[in-house]
Amino acid sequence: MLLILKRAVIVTALLWIILALGFTFVMVGLGQLFFPYQANGSVVTLHGRPIAARHVGQYFGHSLRYFWGRPSDTVSVSTGKPEPYNAFSSAPSNYGPTNAILLKDIQRRIALYLHTTPRLTVGQIPISLVESSGSGLDPDITVQSALIQVPRVAKYTGLSPARLRQLVLSQVQPPDLGLFGPPRINVVLLNVALYHVLHPHA
Amino acid sequence: MSVSTVATWVVVIGGLLLLCKPVGIYLYRVFTFQPTLLDRPMKPLENVIFRVLHVTRESNMSAVEYGVAFVLTNMVWGIMAYTLLRIQGILPFNPEHFGNLNARLSFNTAASFVTNTNWQAYSGENTMSYFSQFAVLQFLQFVTPASGAAAGLAFVRGLSGRKLGNFFVDLTLVLTRVLLPLAVIFGLGFVALGVPDTLAPYLHVHTLAGQTQVVPRGPIAGWEAIEHLGQNGGGFTNANSANPLENPSALTNILQSIAMGLVPVAFFYMFGLFTGKKRLAWTLIAVAGTLFFVMLAMIYFPEAAGNPIINALGLSGHANMVGKEVRFGMGGTSIFETSTMAFTTGSVASAHDSFLPIPSMAFFLGMFLNMVFGGKGVGLLNMLMFVILTIFLMGLMVGRTPEFLGKKIEAKEVSLTAVAFLLHPLLILVGSALAVATPAGIAGVFNPGPHGLSEILYGFTSAAANNGSAMAGLGASLPFYEIALGIVVILGRYASIMAMLLVGESLLRKKAVPQTSGTMRTDTPLFWGILLGSIVILNALTFFPIMALGPLAEHYLLMAHHLFT
Chain C
17 MLLILKRAVI VTALLWIILA LGFTFVMVGL GQLFFPYQAN GSVVTLHGRP
67 IAARHVGQYF GHSLRYFWGR PSDTVSVSTG KPEPYNAFSS APSNYGPTNA
117 ILLKDIQRRI ALYLHTTPRL TVGQIPISLV ESSGSGLDPD ITVQSALIQV
167 PRVAKYTGLS PARLRQLVLS QVQPPDLGLF GPPRINVVLL NVALYHVLHP
217 HA
Chain U
5 MSVSTVATWV VVIGGLLLLC KPVGIYLYRV FTFQPTLLDR PMKPLENVIF
55 RVLHVTRESN MSAVEYGVAF VLTNMVWGIM AYTLLRIQGI LPFNPEHFGN
105 LNARLSFNTA ASFVTNTNWQ AYSGENTMSY FSQFAVLQFL QFVTPASGAA
155 AGLAFVRGLS GRKLGNFFVD LTLVLTRVLL PLAVIFGLGF VALGVPDTLA
205 PYLHVHTLAG QTQVVPRGPI AGWEAIEHLG QNGGGFTNAN SANPLENPSA
255 LTNILQSIAM GLVPVAFFYM FGLFTGKKRL AWTLIAVAGT LFFVMLAMIY
305 FPEAAGNPII NALGLSGHAN MVGKEVRFGM GGTSIFETST MAFTTGSVAS
355 AHDSFLPIPS MAFFLGMFLN MVFGGKGVGL LNMLMFVILT IFLMGLMVGR
405 TPEFLGKKIE AKEVSLTAVA FLLHPLLILV GSALAVATPA GIAGVFNPGP
455 HGLSEILYGF TSAAANNGSA MAGLGASLPF YEIALGIVVI LGRYASIMAM
505 LLVGESLLRK KAVPQTSGTM RTDTPLFWGI LLGSIVILNA LTFFPIMALG
555 PLAEHYLLMA HHLFT
């Protein structure tokens, strides 16, 4: 028994050196060497300043001029109050399918879109645009989800709907390898492209 | 069903089927000590370890010794993890300056990671330092599945009439020959596809909208690799593989689904090579595979059809996207969730609390059975447990002493197997009953109505099955759940493995009896049907009542558009 315990301790120490230290440092090293952009978080910069991590969604809901992503139910770690797209505390809503709050939230979001977007009908709003994501950080929306926001963004930026439609379609990411997952639009990158259109000389 | 869904399923399922034979052969060669490709780089390292431990590849242990080595080694890891988490604040690699964990959370986390459960009552990105992530938790994600695989190996050796082998040798070889090399390959794939892997602090970005966003980073890619290859399932962050930092694309989603199943499925084939009964192995793969497809269908079709209450609003599209991510598509989400529940990984690419009732039942099915391939080694143990029970039941029907692999299955084996089988529902049902009957347990419920019962039941099932996923609305960080689930994970892991090891040894000691025309064949389509039938009946008898009160009740209320407040 004691001998087995001694061996258990020794094997733990040896394996710890190989797996905890060796594996981690080798992987970080290889990542930094071969894929430094991805390994450091796929940072998006504007005028040399980091403005986003490419894969992590951001909250644009307080501005009518930008395209909006999917609803996010993340909260602040310190206050527990809603703080959408808080990457420091990724979380879904966890509402079950028969929870009355789920329906109320969705109805509220539909009302917001109908209220802010000229000539929009419920039947045009994609279901994923009013249901919150699994991480609260979903960077993507469907193509239709971006297109139905064009009238609103046009109204508040002064850009022509045709120009904005073209901008949206230029940002469509095809499925991975042309096959896996849906065609989608990264909201942060779309808004960066919009920013460049609005500030051509900046 | 879209082209993307079909393509995703074909790649994952086809990939696992194609790889199970070559990987199975490789595993067999490694664990019968035959030359393999990795001898040259790995043998010197292993020789150092074996020399320090004073063991050789030829050493053997009895079942009790093997079991004791397994439990003691796990205990050392548990104490180590508990201690390091308690003093996290003074340890290095803590750029975000996270403090020590309290005693309850440290116990719950240590128990959960040591048992390969990876239940998480914390949010990684705002609780754990890089050191705790990679030197404590990720270390356990390597060694604990390896120890489970070692136990499975010992059982397989016993069944095939060989000596059980040495725990420390098996443990080391699972790591150096299987998990470590695979983790390097998958880890590099994940970095290339956009998963961060760095020791630099969290990123602070100034958004276009004029806010500051803190984006966690860390040595995530390596973590993702071993999290899935070891059927661990504990996420680097709270949202786990739904988080784009852990699972940024449909491709990484596919790779993670394959990583989960790669070794468990191959373990079944390896069992066929050990026992010389490849047809039996394929029969068992067919049984588990059938259940896998049932689960996939139970998850995909209801979710694609959506929530009738929400669909009544008349929006465009009808799939249930609550708690799901756009980039995976419904095909990717459903294959990931099927894999994570079948292989008992417990990572999630979407919020299980927000799934419809029928898909929830598929999640429960995976955890109740725990052998739809299951975790490597342990899943096979559970499958063979059902095989022995089935053979026993068949023997009763014809009034003949049952045999398996040429050994008579008698009172001792059946008793031990029954203990292993009954322990699982005992932990789940008694635990849930206790939670439902006490205010402390009820306090953890998040969703109203029958869904709340499902949340409690899910917690105890996940703990007993060492799965680790959650209907995450449940207040897992309440003291009641931290302690109760911590105890359940430990009992669920060790008691049943110990019982099955004893069965293995008991069979090893028996004299082989020649196969006669009266022997029940275990490698035929007929046996596939009988085994599947007994698995379904045994589990339905055990769990149907609680399913009727939880997900089934919720299903019918949902169809009637009934809401709870």
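The listed protein sequences derive, respectively, from chains C and U.
The numbering of the first sequence is the numbering used here, which starts it at 17 and goes up by one.
The numbering of the second sequence is the numbering used here, which starts it at 5 and goes up by one.
Yeah, the Cβ is synthetic: ideal placement off N, Cα and C, and Gly gets one too.
Short check: CB of GLN189 of chain C to CB of ARG200 of chain C, under 7 Å?
yes
From LEU295 of chain U to LEU266 of chain U, what distance separates their C-alpha atoms?
Their Cα atoms are separated by approximately 17 Å.
Could you work out which residues of chain D lie near ASP201 of chain U, taking near to mean beta carbons separated by less than 7 Å?
Among the chains of the structure shown, chain D does not appear; the protein chains present are C and U.
How many angstroms separate the CA atom of GLY496 of chain U from the CA atom of ALA469 of chain U?
Computed Cα separation, rounded: 7 Å.
Alpha carbon to alpha carbon, how far is LEU433 of chain U from PRO268 of chain U?
Roughly 27 Å separates the two Cα atoms.
For HIS232 of chain U, count neighbouring C-beta atoms within 10 Å of its own C-beta (all shown protein chains included) and say buried if the count is 16 or more, exposed if not.
buried
Sequence-distant residues of the same chain with beta carbon closer than 8 Å to THR241 of chain U, five excluded per side:
For THR241 of chain U, same chain residues with a beta-carbon under 8 Å away, outside a window of 5 residues either side, are SER127, GLY128, GLU129, PRO220, ASN247, LEU249, GLU250 in chain order.
Whole angstroms is fine: what's the gap from GLN215 of chain U's alpha carbon to ALA68 of chain C's?
11 Å
Along the stretch 101 to 118 of chain C, where does the CB come closer than 9 Å to a CB of chain U? Name the residues.
Of all residues in the stretch 101 to 118 of chain C, TYR101, ASN102, ALA103, PHE104, SER105, SER106, ALA107, PRO108, SER109, ASN110, TYR111, GLY112, PRO113, THR114, ASN115, ALA116, ILE117, LEU118 have a Cβ within less than 9 Å of some Cβ in chain U.
Between the Cα of ASN115 of chain C and those of U:TYR134, U:VAL449, U:MET401, U:ASN51, spot the shortest distance and give me the residue it belongs to.
U:VAL449
For SER6 of chain U, count neighbouring Cβ atoms within 10 angstroms of its own Cβ and tell me buried if that reaches 16, exposed if not.
exposed
How far does the alpha helix (DSSP H) with GLN260 of chain U in it reach, from first residue to last?
Where GLN260 of chain U is concerned, the enclosing alpha helix (DSSP H) starts and stops at 254 to 279.
Looking at chain U, which residues of the stretch 123 to 151 of chain C have a Cβ within less than 8 Å of any of its Cβ atoms?
GLN123, ILE126, VAL138, GLY139, GLN140, ILE141, PRO142, ILE143, SER144, VAL146, GLU147, SER148, SER149, GLY150, SER151
Apart from the five residues just before and just after SER79 of chain C, which ones in its own chain have a Cβ nearer than 6 Å to its Cβ?
none
Under 9 Å (Cβ pairs) to chain C, residues found in the stretch 263 to 293 of chain U
Within the stretch 263 to 293 of chain U, no residue has a Cβ that lies closer than 9 Å to any Cβ of chain C.
In chain order, what residues of the same chain have a beta carbon less than 7 Å from the beta carbon of HIS210 of chain U, not counting five sequence neighbours either side?
THR216
Cβ separation of LEU473 of chain U and SER466 of chain U, assumed to be a contact under 8 Å, to the nearest whole Å
Note on residue identity: the sequence assigns Ser, not Leu, to residue 473 of chain U. Rounded, the Cβ-Cβ distance is 6 Å, consistent with contact.
Under 7 Å, Cβ to Cβ, is there at least one residue of chain U near TRP32 of chain C?
yes
DSSP beta-bridge partners of GLN217 of chain U:
GLN217 of chain U is bridged by DSSP to U:VAL209.
From the beta carbon of GLY174 of chain C, is the nearest beta carbon of chain U less than 7 Å away?
no
Could you check what DSSP says for ARG86 of chain C in three-state terms: helix, strand or coil?
DSSP places ARG86 of chain C in coil when its eight states are reduced to three.
Since ILE138 of chain U meets chain C, which of its residues come closer than 7 Å, beta carbon to beta carbon?
Note that residue 138 of chain U is Phe in the sequence shown here, rather than Ile. Ordered by position in chain C, the residues that pass the 7 Å Cβ test against PHE138 of chain U are ALA36, THR40.
Sheet register partners of ASP156 of chain C (DSSP bridge):
C:ASN202
Starting from the beta carbon of GLU558 of chain U, find every residue of chain C whose beta carbon is closer than 9 Å, and list them in chain order.
GLY112, PRO113, THR114
Could you confirm whether any beta carbon from chain U is found closer than 7 Å to the beta carbon of ILE26 of chain C?
yes
May I ask you to list the residues that DSSP assigns as paired with GLN189 of chain C?
C:ARG200
Determine the chain U residues that contact THR158 of chain C at a beta-carbon separation under 7 Å, and present them in chain order.
VAL330
Three or more beta-carbon pairs under 8 Å between the stretch 412 to 431 of chain U and the stretch 502 to 511 of chain U, yes or no?
yes
Looking at MET264 of chain U and SER343 of chain U, is the spacing between their C-beta atoms short of 7 Å?
Going by C-beta atoms, SER343 of chain U is nearer than 7 Å to MET264 of chain U.
Put VAL540 of chain U into one of helix, strand or coil per three-state DSSP.
helix
Buried versus exposed, by CB contacts within 10 Å (16 or more), PHE50 of chain C:
exposed
CB-CB under 8 Å to VAL93 of chain C, same chain, minus the five flanking residues each way: which ones, in chain order?
ASN102, PHE104, SER105
Alpha carbons only, please: which of U:ALA114, U:PHE159, U:SER136 is nearest the one belonging to THR148 of chain U?
The candidate whose alpha carbon is nearest that of THR148 of chain U is U:ALA114.
Take LEU42 of chain U and list the residues in its own chain whose beta-carbon comes closer than 7 Å to its own, dropping the five residues that flank it on each side.
ARG181, PRO185
According to a CB-to-CB cut-off of less than 9 Å, which residues of the stretch 204 to 222 of chain U neighbour chain C?
ALA204, TYR206, LEU207, HIS208, VAL209, HIS210, THR211, LEU212, ALA213, GLY214, GLN215, GLN217, VAL218, VAL219, PRO220, ARG221
Could you please tell me which residues of the stretch 162 to 188 of chain C, in chain order, have their CB closer than 7 Å to any CB of chain U?
none
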